[in-house]
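In the numbering used here, the protein residues as written are -16 to 194. Glycine included, each C-beta is placed from N, C-alpha and C at the ideal position. As structure tokens, the structure follows; a few thoughts come after it.
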Ligand SMILES: Nc1ncnc2c1ncn2[C@@H]1O[C@H](COP(=O)(O)OP(=O)(O)OP(=O)(O)O)[C@@H](O)[C@H]1O
Ligand SMILES: [Mg+2]
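Structure follows, in structure tokens:
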């Protein structure tokens, strides 16, 4: 059983997109999985309403209120729970998710401002460490454009931070936006989603095989 929290301290980094695709990837592997939308904006919940009901995608439970109770109840019936958090580490839901999670993923866009904002997350994780000693937290470089200079500098810049950087990065691909718009995951996008889907599987393998 694993609880994966997707957290961040910046808006628009790709948290929700990553959370729903990670969950869809787990479902594709035949695992029982549910998405918990801890963000009062309810983007993940809206995404699930957009898609058709029986499309095989994981359910989304909106739980900005009563998060702990909801996650614990859902983790009884599911192998994995993926929590999509609001865009601030100061939000009570983000802190609660970090108390509950086995794995925390912090998507960060290739920008110095985004990198700096993760320092607060590392501090909160350390403060919560006594309550959740086994938490494994990673920065995930998100919306990477491999050919840009900034993106090339990112892994090195991120390595100077207090959190480890996942080896797998998520590239910026228009298929991600299209899929969200259509209430799908990249796993439902056929060949157009194949590269994005492979990246998600690679990240899942990396994260789940480390504790
Ligand atoms: N890998 C990607 N490639 C291309 N576009 C992406 C990718 N990830 C996210 N996006 C797009 O970036 C925008 C923000 O993504 P998303 O809503 O997932 O971010 P978020 O961190 O959850 O935002 P918020 O902080 O508002 O909750 C969306 O338009 C989404 O479609
Ligand atoms: Mg979001």
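- Under a 10 Å Cβ-count criterion, residue 8 is classified as buried, with 16 or more other Cβ atoms of the shown protein chains found around its own Cβ.
- Here residue 46 is not near residue 87, since their CB atoms are 8 Å or more apart.
- By the Cβ test, the region 175 to 191 is in contact with the region 152 to 159, since at least three Cβ pairs between them sit closer than 8 Å.
- DSSP places residue 157 in the uninterrupted alpha helix (DSSP H) bounded by 157 to 164.
- By the CB criterion at 8 Å, residue 81 and residue 111 fall inside the cutoff.
- A distance below 7 Å between beta-carbons, with the five flanking residues on each side excluded, links residue 71 to the following residues of its chain, in chain order: -8 and 77.
- Using a 10 angstroms sphere on the CB of residue 30, the tally of other CB atoms reaches 16 or more, which defines it as buried.
- Pairing residue 22 with residue 43 gives a Cβ-Cβ distance that is not under 8 Å.
- For the set 67, 105 and 148, the Cα lying nearest the Cα of residue 189 is the one of 148.
- Of the residues 165, 152 and 98, the one whose Cα lies closest to the Cα of residue 181 is 152.
- Remark: the C-beta of residue 193 is outside contact range of ligand 1, defined as less than 7 Å to any heavy atom.
- Distance from the CA of residue -6 to the CA of residue 4, rounded to the nearest whole angstrom, comes to 18 Å.
- Spatial neighbours of residue 150 in its own chain (CB-CB distance under 8 Å, excluding positions within 5 residues in sequence) are listed in chain order as 189.
- Considering only 55, 60, 69 and 57, the residue with the shortest C-alpha distance to residue 2 is 69.
- Between residue -4 and residue 26, the C-beta spacing is not below 8 Å.
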